[in-house]
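Here's the structure we're looking at; comments come further down.
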Amino acid sequence: MKQEMHVTNQRYRLGYHLMTKGGWMNDPNGFSYFKGYYHIFYQYYPYAAEWGPMHWGHARSTDLVHWETLPAALAPGDMESGCFSGSAVPHDGKLWLIYTGHHYIDPKDPEAFYEDQNLAYSEDGIHFTKYEGNPVLRVPKDNTKHFRDPKVWREGDTFYMVVGSQGADGCGRALLYRSPDLIDWTRCSVLAKSENEKTEGYMWECPDFFPLGDKYVLLMSPQGLEASGDDYRNLNQTGYLVGTLDEETHVLAHGKFVEIDRGHDFYATQTMETPDGRRVMMAWMAAWDSPMHEKEDGWAGALTIPRTLRLAGGKVYQSPIREMESLREKTLQDGAWEAGKAYALPRKAEICLRFDAAPAVLLTLTDGTHGLSLAWEAEKNRLVLTRKTKDGVRACTLSAAPHAVRAFLDQSSVEVFVNDGETTFTERIYFAGNVTLTAAAQEGAIYALEAETNTYGTDAAEEETK
Ligand code: FRU
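Per this note's numbering, the very first residue in the sequence shown carries number 23; after that it's consecutive.
This is how it looks when you write it as structure tokens:
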């Protein structure tokens, strides 16, 4: 019997972010709402703090901030060597998972594989059964072996699926399919494709497609973009195309690819529409080239806080979901701010700062050794985040000088929202001591946040399992 990993050291454990109880996590999957609960699944390997044969980890929540970890929903083995990323949709009183079966052809060669799309279903939202007719969709002829990460949604009586693909010409693309029943799928179109591997990617992972404001957004994680100035500094990127959909051809006429988060640790987004109509996104709070020092402690990876998306001026803005405010336990500071003073922070904190005139250095967070700063280069309209690590700089331009910064600190992570979410930076940062904040702000608030919002495999789910 393989042993599940256990956490051996609490030093980097997060308070209000979703993590595994031990073992590895990557992409969020199956973000959905079913029978009174939000569900989130994730790429999971329970037996090491490293990527391995992929399972689907699972948690549910009634408010998107307190998560109850449930037993793994999918494990590889009988039908595939890995259950790769996918999505979930309620249908016929069941929660259906649509996932990629990753199949190794030669166990000695990780590059020899094929991928197809599969279903699993559950009536209670806890126990899942793989569909006996799997796979429901095989790789098309004009494709390479890269064919994964189905995102399914429903419009009236029709289900749609967007899948990440690499065309036979070696370019990344998003394929659109439709089905009356989740089982028989017909291809509608190549929704969008990369014109060039180096500027737009050789493979588009984790596509997601939805209306936002009066446009459509195709969110995805392209692989293979070459770094160019401040852009595309991570190994792979996550970003979006905004456009209009031709209802006849199902082709998206779109603008330029835009990175959705400018930090080091952000990849593989997934969104859902909440019952009250918000488009909410979560992402893996890491990247394939992130060091993930928590591996030494028996776990790896976490999901970002959920963020509400909106479209303004052709750009996607992100704000922390409003439920995050319910985690404020104590107001430590609120009102006039002393520029230059080092404010002591608790390790789980929310910070809201207002700047009347943007200073050269907006803020610095440090424990004396580890830290980051946010600076504004007015003459270049350039916002620069510097994390005190190798390759620590990430930067971008803004449409207006920074006037508001909201940041969430959680032990070993920081998520920064600038100018009401026009730009975000998501960072893992392995603080070792007490953290202080210095900011050249006019006004500011610091809230201590509720420390533990996750439970692991106890109470309600076990009751229901009996
Ligand atoms: C993205 C990704 C997906 C794949 C999964 C495997 O991070 O590579 O394309 O389904 O991770 O774990």
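Virtual Cβ for every residue (Gly too), placed ideally from N, Cα, C.
Less than 7 angstroms between the C-beta atoms of ALA142 and LEU96, yes or no? If you number the sequence shown from 1, residue 142 lands on position 120. If you number the sequence shown from 1, residue 96 lands on position 74. Taking 7 angstroms as the Cβ cut-off, ALA142 and LEU96 qualify as a contacting pair.
Indicate whether THR448 and ASP287 have their beta-carbon atoms separated by less than 7 angstroms. As a position in the sequence shown, residue 448 is number 426, starting the count at 1. As a position in the sequence shown, residue 287 is number 265, starting the count at 1. Yes. Within cutoff.
LYS220 - containing alpha helix (DSSP H), residue span: Looking up residue 220 in the sequence shown gives position 198. Its alpha helix (DSSP H) spans residues 219 to 222.
What separation, rounded to the nearest whole angstrom, lies between the Cα atoms of GLU465 and ALA379? On the sequence shown, residue 465 is found 443 positions in, with the first residue counted as 1. On the sequence shown, residue 379 is found 357 positions in, with the first residue counted as 1. Each residue's alpha carbon lies about 12 angstroms from the other.
Could you give the residue range of the beta strand (DSSP E) that holds ASP78? Translated into positions along the sequence shown, residue 78 becomes position 56. Residue identity check: residue 78 is Trp in the sequence provided, not Asp. Segment 77 to 83, the beta strand (DSSP E) holding TRP78.
Under 6 angstroms Cβ to Cβ from HIS28, same chain only, skipping five residues before and after it: list those, please. In the sequence shown, counting from the first residue as 1, residue 28 sits at position 6. So the list reads GLY44 and GLY320, once near-sequence residues are dropped.
Tell me which same chain residues have a C-beta within less than 6 angstroms of the C-beta of LEU375, skipping the five on either side of it? The residue you call residue 375 lines up with position 353 of the sequence shown. The beta carbon of LEU375 sits closer than 6 angstroms to the beta carbons of VAL427, ALA461, ALA463 and GLY466 from its chain, once the five residues preceding and following it are set aside; these are given in chain order.
Could you please give the first and the last residue of the uninterrupted beta strand (DSSP E) stretch that includes GLU295? Within the sequence shown, the letter at position 273 stands for residue 295. For GLU295, the uninterrupted beta strand (DSSP E) segment begins and ends at 289 to 295.
Simplified DSSP state of ALA110, which is helix, strand or coil: As a first step, residue 110 must be located in the sequence shown, where it is residue number 88. Residue state, collapsed to three classes: strand.
Between the Cα of LEU87 and the Cα atoms of LEU385, MET346 and THR408, which residue gives the shortest distance? Your numbering for residue 87 matches position 65 in the sequence shown. Residue 87 is actually Val in this sequence, not Leu. Minimum Cα distance to VAL87 is reached at MET346.
Could you give the distance in angstroms between the alpha-carbon of HIS80 and the alpha-carbon of ALA308? As a first step, residue 80 must be located in the sequence shown, where it is residue number 58. As a first step, residue 308 must be located in the sequence shown, where it is residue number 286. Counting only the Cα atoms, ALA308 lies some 18 angstroms from HIS80.
TYR153 versus GLU145 - alpha carbon distance: Within the sequence shown, numbered from 1, the residue matching residue 153 stands at position 131. Within the sequence shown, numbered from 1, the residue matching residue 145 stands at position 123. TYR153 and GLU145: Cα-Cα distance of roughly 13 angstroms.
Who pairs with SER243 in a beta bridge, going by DSSP? On the sequence shown, position 221 is the one that residue 243 refers to. Within the DSSP secondary-structure output, SER243 pairs in a beta bridge with GLU227.
Identify whether GLU472 lies in helix, strand or coil by the three-state DSSP scheme. To locate residue 472, count along the sequence shown from 1; it is residue 450. Note: GLU472 maps to coil in three-state DSSP.
Three-state secondary structure assigned by DSSP to GLU401: The residue given as residue 401 occupies position 379 in the sequence shown. Three-state DSSP puts GLU401 in a helix.
Is ARG255 helix, strand or coil by DSSP? Numbered from 1 along the sequence shown, position 233 holds the residue referred to as residue 255. In the structure shown, ARG255 sits in coil (DSSP, three-state: anything other than H, G, I, E or B).
Using 7 angstroms as the limit for Cβ to Cβ distance, is GLY155 near chain D? Here there is only one protein chain, and chain D is not present.
Based on Cα-Cα distance, which residue from ASN48, HIS124 and LYS317 lies nearest to TRP306? For the purposes of this step, residue 306 is identified with residue 284 of the sequence shown, where counting begins at 1. Comparing Cα positions, the closest option is ASN48.
Do PHE430 and GLU372 count as a contact pair if the criterion is CB distance below 7 angstroms? Here residue 372 refers to the residue found at position 350 when the sequence shown is read from its first residue. Here residue 430 refers to the residue found at position 408 when the sequence shown is read from its first residue. Their beta carbons are under 7 angstroms apart, which means GLU372 touches PHE430 by this criterion.
Mind checking which residues open and close the beta strand (DSSP E) that includes THR59? Translated into positions along the sequence shown, residue 59 becomes position 37. Thr is not the amino acid found at residue 59; the sequence shown has Tyr there. Segment 59 to 67, the beta strand (DSSP E) holding TYR59.
Are the beta-carbon atoms belonging to ARG6 and THR208 less than 7 angstroms from one another? Nothing about residue 6 can be read from this structure; the chain reaches only from 23 to 488.
Three-state secondary structure assigned by DSSP to ASP481: Taking the sequence shown and counting its residues from 1, one reaches residue 481 at position 459. With a pLDDT of 49 at ASP481, under the threshold of 50, the predicted position of this residue should be treated as unreliable, and no value is reported.
For the ligand FRU, is there a heavy atom less than 6 angstroms away from the beta-carbon of GLU227? As a position in the sequence shown, residue 227 is number 205, starting the count at 1. It does: the Cβ of GLU227 is within 6 angstroms (strictly closer) of some heavy atom of the ligand FRU.
When we look at the beta-carbon of ARG344 and count the other beta-carbons within 10 Å, is it buried (16 or more) or exposed? As a first step, residue 344 is located in the sequence shown; it is residue number 322 there, counting from the start. ARG344 comes out exposed.
Among all the DSSP beta bridges, which residues are the ones paired with GLN340? Your numbering for residue 340 matches position 318 in the sequence shown. Looking at the DSSP assignment, GLN340 forms a beta bridge with LEU331.
Spatial neighbours of GLY350 within its chain, please: C-beta separation below 7 angstroms, excluding the five flanking residues on both sides. Residue mapping note: residue 350 aligns to position 328 of the sequence shown, counting from 1. Sequence check: residue 350 is Arg here, not Gly. The answer, listed in chain order, is GLU372, TYR469 and LEU471.
Could you please give the first and the last residue of the uninterrupted beta strand (DSSP E) stretch that includes PHE453? Taking the sequence shown and counting its residues from 1, the one referred to as residue 453 is at position 431. DSSP places PHE453 in no beta strand (DSSP E); its state is neither H nor E.
Answer with buried or exposed for ARG33, where buried requires no fewer than 16 other C-beta atoms within 10 angstroms of its C-beta. Translated into positions along the sequence shown, residue 33 becomes position 11. By the neighbour-count criterion, in which 16 or more other beta carbons inside 10 Å mark a residue as buried, ARG33 falls on the exposed side.
Starting from SER144, follow its DSSP beta bridges and name the residues at the other end. The residue labelled residue 144 in the question sits at position 122 within the sequence shown. Under the DSSP definition of a beta bridge, SER144 partners with LEU117.
Could you check which residue in ARG450, CYS210, ARG300 and HIS425 has the C-alpha nearest to that of VAL436? Taking the sequence shown and counting its residues from 1, the one referred to as residue 436 is at position 414. If we check each option's Cα against that of VAL436, ARG450 comes out closest.
Local Cβ density within 10 Å of SER243, reported as buried at 16 or more and exposed below that: Translated into positions along the sequence shown, residue 243 becomes position 221. SER243 counts as buried, since at least 16 other C-beta atoms from the protein chains shown sit within 10 angstroms of its C-beta.
Cα-Cα separation between ASP191 and ASP164, rounded to whole angstroms: Taking the first residue of the sequence shown as 1, we reach residue 191 at position 169. Taking the first residue of the sequence shown as 1, we reach residue 164 at position 142. Cα to Cα, the separation comes out at about 8 angstroms.
Burial state of TRP310 (16 or more Cβ within 10 Å): Stepping through the sequence shown from its first residue, residue 310 is reached at position 288. With fewer than 16 other beta carbons inside 10 angstroms of its own, TRP310 counts as exposed.
Given this structure, state the Cα-to-Cα distance separating ARG284 from ALA417, to the nearest angstrom. Here residue 284 corresponds to residue number 262 of the sequence shown, with the count starting at 1. Here residue 417 corresponds to residue number 395 of the sequence shown, with the count starting at 1. For ARG284 and ALA417, the distance between alpha carbons rounds to 7 angstroms.
Between the segment 402 to 410 and the segment 353 to 361, can you find at least three pairs of beta-carbon atoms closer than 8 angstroms? In this structure the segment 353 to 361 does not touch the segment 402 to 410; the number of beta carbon pairs closer than 8 angstroms is below three.
Within 10 Å of its beta-carbon, does GLU269 have 16 or more other beta-carbons around it, so buried, or fewer, so exposed? Position 247 of the sequence shown, counted from the first residue, corresponds to residue 269. GLU269 comes out exposed.
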